[in-house]
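Q:
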Amino acid sequence: MAQYHLPGLFEFYELYAAFLPLYRAHREYFYDWCEIGSIYGAPISCLWGGGRVSSGTCGAWDVLALMREYGISARLTFSNSLLREEHLKDKTCNALCRLFSESGTVQNGVIVHSELLLQYLKSHYPELYPVSSTTKVLTDFEALKKEIDRDDFRYVVPDFRLNKAYEKLNTLTESQKDKVEFLCNECCYFGCKDRKECYEAVSRRNLGEEPDFSCTSPGAEEGYRFSKAMKNPGFISVGDIQKIYLPMGFSNYKIEGRGLGSALVLEFLLYYMTKPEYQLQVREEIFLDN
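First residue of the sequence shown: -15, per the working numbering; consecutive thereafter.
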């Protein structure tokens, strides 16, 4: 069974509030070989945030109530790589961790980059399972294996440029494969040399700093295009999941999109989860009825 980890816990609350009732009521619209493993995100102006500068404005209680209603794990995206000791005292982030630690029947998690934050979370909020963030840019396979073998993490998200390293990936044990979470729909230039610096720039913005960084990768001025992501050498398609990754023993798939619009995130839900003959119907029910 494929487990999808979806973007926009806070950022696209309204979309999921419309989509999840439809997903439950009409399961026949959706592929029976996949389900929602988690939804991840962070509220606006979150000091520990990283990966993207969040625009989520929905209240934490509302978010958590929705996830509990549908039995979905909620993940806080706290992947800032530049945190210092004084940042660990942030009241907002600690309050979120306390709230999400009270998970009910489904355990919640936190996506983390900083080693300092990881140890703090393990000490103060052990109820939250840690996920190793793709912002670490793990492009070396041996480095990925070391990260997977750490007991600290339930899941590890490698850099998307390892997605098609089939021979190496197939050398992993079953327990190692269970921890790998592939980033499926990255649009970033495959040959980018500045990916880590790009993520650090986001971390600085979340700390209130103004980084001296601008992306110079080919096509960066176009922004995200799903059609362009599909042509990326690291793209994982629905067919790839069914015919390659699931038979190899991999179950976890991350869909990016926190910094995009709800219409585009819906297209991801349609493409990755919805049977083709029902995609138009789902699109109409979401947009016309809401």
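Even for Gly, the Cβ is constructed at its ideal location relative to N, Cα and C. Because the structure is a prediction, the values reported are computed rather than measured.
Hey, out of F144, Y54 and L254, whose CA is closest to T118's CA?
A: Considering only alpha carbons, the answer is F144.
Q: Which first and last residues belong to the beta strand (DSSP E) in which Q226 is found?
A: Note, Q226: premise wrong, no beta strand (DSSP E); not H, not E.
Q: Starting from the Cα of Y13, find the closest Cα among Q263, R242 and L31 and give me that residue.
A: It is Q263 whose Cα lies nearest to the Cα of Y13.
Q: What is the rounded straight-line gap between the Cα of V249 and the Cα of L100?
A: So the two alpha carbons sit approximately 32 Å from each other.
Q: So for L253, helix, strand or coil by DSSP?
A: Of the three classes helix, strand and coil, the one that applies to L253 here is helix, per DSSP.
Q: At the level of alpha carbons, what is the spacing between Y104 and K215?
A: Roughly 40 Å between the two C-alpha positions.
Q: Which residues mark the beginning and the end of the alpha helix (DSSP H) in which N190 is found?
A: Unbroken alpha helix (DSSP H) run through N190: R179 to N190.
Q: Report the residue from I95, E53, A213 and S211 whose alpha carbon sits nearest the alpha carbon of H(-11).
A: Taking only the C-alpha atoms, the option nearest H(-11) is I95.
Q: Can you say whether G218 is buried or exposed, counting buried as having 16 or more other CB atoms within 10 angstroms of its CB?
A: The residue in question, G218, is buried, as its Cβ has 16 or more Cβ neighbours within 10 Å.
Q: Going by beta-carbon coordinates alone, are W17 and L67 separated by less than 8 Å?
A: It is not a contact, given that the beta carbons lie outside the stated cut-off.
Q: Is R279 near Y7, with beta carbons less than 8 Å apart?
A: Nothing in the structure corresponds to residue 279, since the chain is present only between -15 and 274.
Q: Looking at the strands, I want to know which residues DSSP matches up with V14.
A: The amino acid occupying residue 14 in the given sequence is Phe; Val does not appear at that position. Its beta-bridge partners are T258.
Q: Three or more C-beta pairs closer than 8 Å, one from the region 40 to 50 and one from the region -9 to 10: is that the case here?
A: Taking 8 Å as the limit for Cβ pairs, the verdict is that the region -9 to 10 does touch the region 40 to 50.
Q: How is Q263 classed by DSSP in three states: helix, strand or coil?
A: Three-state DSSP puts Q263 in a helix.
Q: Count Cβ pairs between the region 113 to 128 and the region 139 to 153 that sit closer than 8 Å; are there 3 or more?
A: A contact exists between the region 113 to 128 and the region 139 to 153.
Q: Would you report the Cα separation of T76 and G245, rounded to the nearest angstrom?
A: Looking at the two C-alpha atoms, the distance is approximately 25 Å.
Q: Just to confirm my understanding: we take Y306, look at its own chain, exclude 5 residues before and 5 after, and list those with CB closer than 7 Å. What are they?
A: Residue 306 lies beyond the range of the chain shown here (-15 to 274); nothing can be said about it.
Q: If I measure Cβ to Cβ from L167 and keep anything under 7 Å in the same chain, skipping five residues before and after, which residues do I get?
A: Within the same chain, L167 has close Cβ partners T118, V141, F144, K238 and E240.
Q: Count the other CB atoms within 10 Å of the CB of T139; is the residue buried (16 or more) or exposed (fewer)?
A: It should be noted that the sequence gives Tyr, not Thr, for residue 139. That one is buried.
Q: In the region 142 to 177, which residue ranges form an unbroken alpha helix (DSSP H) of at least 4 residues, counting only runs that do not cross its ends?
A: Counting whole runs of 4 or more residues, the region 142 to 177 contains the alpha helix (DSSP H) stretches 150 to 153 and 158 to 161.
Q: So what does DSSP say about N92, is it helix, strand or coil?
A: It is coil, neither helix nor strand.
Q: What residue from Y109, C42 and Q226 has the CA that sits closest to Y(-3)'s CA?
A: Cα-wise, what sits closest to Y(-3) is C42.
Q: How big is the Cα-Cα spacing for S65 and I228?
A: About 33 Å.
Q: Rounded to a whole number of angstroms, what is the C-alpha to C-alpha distance between M(-15) and R134?
A: Approximately 24 Å between the Cα atoms of the pair.
Q: Could you check what DSSP says for V47 in three-state terms: helix, strand or coil?
A: Residue state, collapsed to three classes: helix.
Q: Any idea which residues DSSP pairs H(-11) with across the strands?
A: According to DSSP, H(-11) bridges with S22 and K238.
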